[in-house]
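S.K.: Going down the list, the protein sequences come from chains C and Z. Residue 334 in this note's numbering sits at position 111 of the first sequence, and the numbers go up by one each step. Residue 315 in this note's numbering sits at position 89 of the second sequence, and the numbers go up by one each step. Heads up, the beta-carbon is just placed ideally off N, CA and C, and yes, glycines get one too. For clarity, every value in this text was computed on a predicted model and none was experimentally measured.
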Amino acid sequence: MQTTILYAGVLLAGTLFLHGCAAPEVKQDLFAPTDAQMKIRSLQTRTFDLTDRNAAIRGAIASLQDLGFIIERANEGLGLVTAARFAEPNYYDVVTVTVTVRHDSPKKMSIRANAIYNNKPIDDPKVYQNFFAALQRALFLSQESNPSP
Amino acid sequence: MQTRMFETPNERELLSASAAVLQDLGFQIEESQREVGLLRAAKERSAREYSQYAERAFFFFLSLGKVVQPVDLHQKIAASLVSRPLNSEATRQEIRIVFYRVVWKGDGQVDNQYIPPGTQYMEMVRDPEIYQQFFAKLSKAVFLEAHRI
């Protein structure tokens, strides 16, 4: 009787041990785009009638500062601006935004804002609407409601 | 409080003067981007304050040795500065600077529960004097008056 239990125990331990060794299977669709991604991307992007890229980047910086963000990084060549702030009144939470500015066509500029709350991406359209409203104020421009495809 | 306007077409000089002033104040420049007018600087200092130790001792005795409050040990004071032309001819420049600090706490204890050291928190510097001091030095450095907006 006792040997049976011992045997079963060894078998159980062995299976668990072997199971730990098995490599987890890699999912094939790991990098495949999902519908949610496309939706979030269209929320995050707006097209502006602009020609001056530098002015657009500076406008993005100014509007982020107006919203109380601390500019952490900016790159003219890539058109990148990264900024962060506390999610007041929760001083332990941080909101990070990355804004990318790029030429859509010679007369159009597409601006994408990417916001993260702590370590979770923000997918609430309202947040992005508010940001683009502030950006528009900083740029004093007419804005196209339809995002770039 | 964070913003001043300078009557100068030379944004580059304003930026390098700002960098020099920050260095005079003990900061180290961590990142600079001339094309978009960004400077990031930081300095690390001790954050020990006598009053916090007094408070800690007070609560220690009041709780009969059960509560040891963590005190601030170390801090990093950081500044993010952005310059930006105000009009299209770029004869006026705006400088906006944000100071903030990150503080690391030491260890403590509540009853039997040990609080490990290294808790950190962050706060914006809201003391107008710090900003005034910076802009006073900056206007001296560029021989220009810093106009409030």
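Find the residues of chain Z that neighbour ALA285 (chain C), judging by a C-beta separation of less than 9 Å, and give them in chain order.
M.R.: Neighbours of ALA285 (chain C) on chain Z, chain order: VAL308, ARG310, GLU320, ARG322.
S.K.: Anything in chain A within Cβ reach of ILE294 (chain C), meaning under 7 Å, just list it in chain order.
M.R.: No chain A appears in this structure, whose protein chains are C and Z.
S.K.: Which residue comes first and which comes last in the alpha helix (DSSP H) that contains VAL350 (chain C)?
M.R.: Taken as a continuous stretch (DSSP letters only), the alpha helix (DSSP H) holding VAL350 (chain C) covers 348 to 362.
S.K.: Rounded C-beta distance between ILE323 (chain Z) and MET231 (chain Z)? I'm assuming under 8 Å.
M.R.: No, ILE323 (chain Z) and MET231 (chain Z) are not in contact; Cβ-Cβ is about 13 Å, not under 8 Å.
S.K.: Is any beta-carbon of chain Z found at less than 8 Å from that of PRO372 (chain C)?
M.R.: Legend: pLDDT at PRO372 (chain C) = 44, less than 50; position of this residue unreliable, value from coordinates given subsequently. Output row for PRO372 (chain C): interface = no.
S.K.: From ALA267 (chain Z) to ALA304 (chain Z), what does the alpha carbon distance come to, in whole angstroms?
M.R.: Approximately 6 Å between the Cα atoms of the pair.
S.K.: Could you give the distance in angstroms between the alpha-carbon of PRO296 (chain Z) and the alpha-carbon of ALA279 (chain C)?
M.R.: Rounded to whole angstroms, PRO296 (chain Z) to ALA279 (chain C) spans 45 Å at the Cα level.
S.K.: Skipping 5 residues on each side, what residues in its chain have a beta carbon closer than 6 Å to that of MET227 (chain Z)?
M.R.: For MET227 (chain Z), where only same-chain residues beyond five positions count, the Cβ hits under 6 Å are PRO354, TYR357.
S.K.: Could you name the residues of chain Z that ALA356 (chain C) contacts, counting a contact when the two beta carbons are closer than 7 Å?
M.R.: The contacting residues do not exist; ALA356 (chain C) stays about 20 Å from chain Z at best.
S.K.: Which two residues bound the contiguous beta strand (DSSP E) that contains GLN335 (chain Z)?
M.R.: Unbroken beta strand (DSSP E) run through GLN335 (chain Z): 334 to 336.
S.K.: Using 8 Å as the threshold, is the C-beta distance between GLY282 (chain C) and ARG308 (chain C) below it?
M.R.: No, Cβ-Cβ distance for GLY282 (chain C) and ARG308 (chain C) is not below 8 Å.
S.K.: With a cut-off of 8 Å, does the C-beta of ASN313 (chain C) fall near any C-beta of chain Z?
M.R.: Answer no: the Cβ-Cβ gap between ASN313 (chain C) and chain Z never drops below 8 Å.
S.K.: Would you mind reading off the limits of the alpha helix (DSSP H) that contains SER265 (chain C)?
M.R.: From DSSP, the alpha helix (DSSP H) with SER265 (chain C) extends over 258 to 267.
S.K.: Taking the beta carbon of MET261 (chain C) as the centre, do at least 16 other beta carbons fall within 10 Å, making it buried, or is it exposed?
M.R.: Looking at its Cβ environment, which holds fewer than 16 other Cβ atoms inside 10 Å, MET261 (chain C) is exposed.
S.K.: Run through the DSSP bridge pairs and tell me what TYR344 (chain C) is partnered with.
M.R.: Contrary to the premise, residue 344 (chain C) reads as Pro rather than Tyr in this sequence. C:ILE339.
S.K.: Does any CB atom of chain Z fall closer than 8 Å to the CB of SER265 (chain C)?
M.R.: Closer than 8 Å: no.
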